[in-house]
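In full-length UniProt numbering, the protein residues as written are 1 to 518.
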């Protein structure tokens, strides 16, 4: 069984939530109190207890959230958070920081059993009063740092406004506990018990924590399924620091050969470092890190006949240039997904400067992300799916996410017929690509249920684009070297020449694919 944790947490005002096949955390990065504290003394724990005793006397939602607009926020935040949950049917659920049951009443209708835990007795009793009539509920008053549960006893963990009250050491220990439990404000306050962290600090902790299963010795850690801003806080409070993480407990390789624990770490630390992204953008064009930049984007998007108000999903959005183009030109709403935290961070910064609320971004794994059927009018993807092994399964997901009559447009790296040259074999293996011929790609789309499938071999266009980009690189050589370095310049130029050679040999192909859902 997959296991998840949904958690929302943060630093100005934060939230957290958890599950069992994934862990979604919503919260805020950074910190108004300076550097995050790393240890929590006994006196600090005592002060925190006193603080919450003072703010839990009436056990109201305003006290629990430390926000006078709590009811209004809940109306928008609650459905947004709940929409990120996977199917909970039959799952044993642990709700941490349950408070007075803001989420408990909803979770009890979805999961087979919910164990609701909170630090404050008054909140627990209010939750029991509100939800105790459910036969599938257990209510516990406990400090989560001391919570002891059997191994593999929980399918899904959901936490709310909790992690920011744990020190770094407590958080790391707590996350290890969670891995074991899961199966293979407005008013002034003199005392502030929160631990504010940046997104990067949370992501580092998430990616670094691992545990070994007692039986079999398999190592496990958390993979990021999605990370996004809580839009309710952006709209109501102009607070873009409320971030959600949905994490999945996943096996880790015991091999010492790889320095990266998962594919996302490879992307952010090797292929899409911040410097690498900006190098690509210098060649592809402002806002783009995919073939042809704005020229191919305009050509391909124009085939979609977009209409104002339509919803577009961009899988592998990069730094958002195509999404901004679609939103500005056609008045559509765009959700961009990318597995690289580095590119999404840049895209989010650009979205703020562009003042385009109709464009949102998530760090997300499209093979694990879920959306209700018929959520989008268009799914768009540029040179991304080459990383994904089971393309047929992904295309079936795309098919379900599209509305009837919805359109799909993909460009992607492809290959010629095998056997390939040894040089191309080595290149594909080194990059971890999974490549098919354009015709095979089109067959996958048909098998996934799409109709009107067009599978076009655009390798000739790809070659011409590469030549044009090499000419551009020559024209801006001095500027490029001044901005980056001579080593960076030749890394880009030689990389483009290698692409040209692979394409001319027939090994590397480029495909454009269009399809619709009945």
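Every residue gets a Cβ at the ideal spot worked out from N, C-alpha and C, and that includes glycine.
Open item on the list: So, under 8 Å CB-CB, residue 381 and residue 291 are touching, yes? Tell me the CB distance rounded to an integer number of Å.
Closed with: Here residue 381 refers to the residue found at position 381 of the chain shown. Here residue 291 refers to the residue found at position 291 of the chain shown. Not quite, the Cβ-Cβ distance comes to about 13 Å (not below 8 Å), so this is no contact.
Task: Minimum C-alpha distance to residue 263 - residue among 433, 493, 71 - done: Start at 1 with the first residue of the chain shown, and residue 263 comes out as number 263. Among 433, 493, 71, the Cα nearest to that of residue 263 belongs to 433.
TODO: With distances taken Cα to Cα, identify the nearest neighbour of residue 157 among 400, 179, 173.
DONE: One-based indexing of the chain shown puts residue 157 at position 157. For residue 157, the nearest C-alpha among the options comes from 179.
Task: Rounded straight-line distance, which links the Cα of residue 278 to that of residue 483 - done: Taking the first residue of the chain shown as 1, we reach residue 483 at position 483. Taking the first residue of the chain shown as 1, we reach residue 278 at position 278. Each residue's alpha carbon lies about 10 Å from the other.
Task: Counted within 10 angstroms of its Cβ, other Cβ atoms place residue 126 as buried (16 or more) or exposed - done: Sequence index remark: in the chain shown, residue 126 carries index 126 (1-based). Counting Cβ neighbours within 10 Å, residue 126 comes out buried, since at least 16 surround it.
Task: Spatially closest choice to residue 171 from 437, 476, 145, by CA coordinates - done: Taking the first residue of the chain shown as position 1, residue 171 is located at position 171. Of the candidates 437, 476, 145, the one whose C-alpha sits nearest the C-alpha of residue 171 is 145.
Task: Secondary structure of residue 423, DSSP reduced to three states - done: Here the question's residue 423 lines up with position 423 in the chain shown. Three-state DSSP puts residue 423 in a helix.
Open item on the list: Can you check which of these residues, 237, 463, 346, 97, is closest to residue 276 by C-alpha distance?
Closed with: Indexing the chain shown from 1 puts residue 276 at position 276. The shortest Cα separation from residue 276 among 237, 463, 346, 97 belongs to 346.
- [ ] Evaluate residue 448 with the Cβ neighbour count: other Cβ atoms within 10 Å of its Cβ, from every protein chain shown; 16 or more gives buried, anything less gives exposed.
- [x] Locating residue 448 in the chain shown gives position 448, counting from the first residue. With 16 or more Cβ atoms within 10 Å of its Cβ, residue 448 is classed as buried.
Task: Endpoints, alpha helix (DSSP H) assigned at residue 79 - done: Working through the chain shown from its first residue, we reach residue 79 at position 79. That run of the alpha helix (DSSP H) goes 70-82.
Open item on the list: Just to check my reading of the structure: residue 95 and residue 85 have Cβ atoms closer than 8 Å, yes? What is that Cβ distance to the nearest angstrom?
Closed with: Walking along the chain shown from the start, residue 95 turns up at place 95. Walking along the chain shown from the start, residue 85 turns up at place 85. The Cβ separation is near 12 Å, so there is no contact.
Open item on the list: Quick check on residue 360: does DSSP put it in helix, strand or coil?
Closed with: As a position in the chain shown, residue 360 is number 360, starting the count at 1. Note: residue 360 maps to strand in three-state DSSP.
Task: Terminal residues of the alpha helix (DSSP H) in which residue 327 lies - done: Translated into the one-based positions of the chain shown, residue 327 becomes position 327. That run of the alpha helix (DSSP H) goes 321-330.
Task: C-beta atoms of residue 62 and residue 68 nearer than 8 Å - done: As a working note, residue 62 is residue 62 in the chain shown. As a working note, residue 68 is residue 68 in the chain shown. The answer is yes: Cβ separation under 8 Å.
Task: Simplified DSSP assignment, three categories, for residue 161 - done: Reading the chain shown from its first residue, position 161 is the one you call residue 161. Three-state DSSP puts residue 161 in coil, outside helix and strand.
Task: Span separating the alpha-carbon of residue 229 from that of residue 64 - done: Locating residue 229 in the chain shown gives position 229, counting from the first residue. Locating residue 64 in the chain shown gives position 64, counting from the first residue. So the alpha carbons of these two residues sit roughly 21 Å apart.
TODO: Look at the alpha carbon of residue 238 and the alpha carbon of residue 70, and state the distance between them as a whole number of angstroms.
DONE: Residue 238 sits at position 238 when you count from the first residue of the chain shown. Residue 70 sits at position 70 when you count from the first residue of the chain shown. Roughly 15 Å between the two C-alpha positions.
Task: Same chain only: Cβ atoms within 6 Å of residue 468, ignoring 5 sequence neighbours per side - done: Locating residue 468 in the chain shown gives position 468, counting from the first residue. Around residue 468: no qualifying Cβ.
TODO: Could you tell me whether the stretch 87-101 touches the stretch 150-165, using the rule of 3 or more Cβ pairs below 8 Å?
DONE: yes
- [ ] Note down, in chain order, each residue of its chain lying with its Cβ closer than 6 Å to the Cβ of residue 489, except the 5 sequence neighbours on either side.
- [x] For the purposes of this step, residue 489 is taken as the residue at position 489 of the chain shown. Cβ neighbours of residue 489 beyond the five flanking positions: 480, 481.
Task: Three or more C-beta pairs below 8 Å linking the stretch 494-510 and the stretch 292-302 - done: no
- [ ] Pick helix, strand or coil for residue 92, following the three-state DSSP scheme.
- [x] Residue mapping note: residue 92 aligns to position 92 of the chain shown, counting from 1. Strand at residue 92.
TODO: Please name the residue or residues paired with residue 415 in a DSSP beta bridge.
DONE: Residue 415 sits at position 415 when you count from the first residue of the chain shown. Its beta-bridge partners are 508.
Task: Residues bridged to residue 210 (per DSSP) - done: Taking the chain shown and counting its residues from 1, one reaches residue 210 at position 210. Beta-bridge pairing links residue 210 to 221.
Open item on the list: Considering only the alpha carbon of each residue, which of 452, 413, 246 lies closest to residue 159?
Closed with: Position 159 of the chain shown, counting from 1, holds the residue named residue 159. Checking every option, the nearest Cα to that of residue 159 belongs to 246.
- [ ] Using a Cβ cut-off of 8 Å (strictly closer), state whether residue 334 contacts chain D.
- [x] The chain labelled as chain D is not found in the depicted structure, where only one protein chain is given.
TODO: Within its chain, find whatever has a CB closer than 8 Å to the CB of residue 190; leave out the 5 residues flanking it on each side and keep chain order.
DONE: For the purposes of this step, residue 190 is taken as the residue at position 190 of the chain shown. Unreliable positioning characterises residue 190 in this predicted model, as indicated by a pLDDT of 42, which lies under 50. The coordinate reading is nonetheless provided below. If we look at residue 190 and ignore the five residues flanking it on each side, it has no Cβ neighbours.
TODO: Consult DSSP for residue 447 and reduce its assignment to one of helix, strand or coil.
DONE: Against the chain shown, residue 447 aligns to sequence position 447. It is helical.
Task: Cα-Cα separation, residue 409 to residue 360 - done: Position 409 of the chain shown, counted from the start, is the residue given in the question as residue 409. Position 360 of the chain shown, counted from the start, is the residue given in the question as residue 360. C-alpha separation (whole angstroms): 19 Å.
- [ ] Given a cut-off of 8 Å, decide if residue 510 and residue 413 are closer than it, judged by their beta-carbon atoms.
- [x] Here residue 413 is taken as the residue at index 413 of the chain shown, counted from 1. Here residue 510 is taken as the residue at index 510 of the chain shown, counted from 1. Yes, they are a contact pair.
TODO: Tell me whether residue 471 sits in a helix, a strand or coil according to DSSP, three-state version.
DONE: Sequence index remark: in the chain shown, residue 471 carries index 471 (1-based). Three-state DSSP puts residue 471 in a helix.
Open item on the list: Just list the residues that DSSP pairs residue 502 with in beta bridges.
Closed with: Here residue 502 corresponds to residue number 502 of the chain shown, with the count starting at 1. In the DSSP output, where bridge partners are listed per residue, residue 502 has none listed.
- [ ] Report the rounded CA-to-CA distance for residue 352 versus residue 308, giving the unit in angstroms.
- [x] Within the chain shown, residue 352 is the residue found at index 352, counting from 1. Within the chain shown, residue 308 is the residue found at index 308, counting from 1. Cα to Cα, residue 352 sits roughly 21 Å from residue 308.
Task: Where residue 251 falls: helix, strand or coil (DSSP) - done: Indexing the chain shown from 1 puts residue 251 at position 251. Note: residue 251 maps to strand in three-state DSSP.
Task: Beta-carbon spacing of residue 315, residue 393 below 8 Å - done: In the chain shown, counting from the first residue as 1, residue 315 sits at position 315. In the chain shown, counting from the first residue as 1, residue 393 sits at position 393. Going by C-beta atoms, residue 315 is not nearer than 8 Å to residue 393.
TODO: Count the other CB atoms, across all protein chains shown, that sit within 10 Å of the CB of residue 514; report buried if there are 16 or more and exposed otherwise.
DONE: As a first step, residue 514 is located in the chain shown; it is residue number 514 there, counting from the start. That one is buried.
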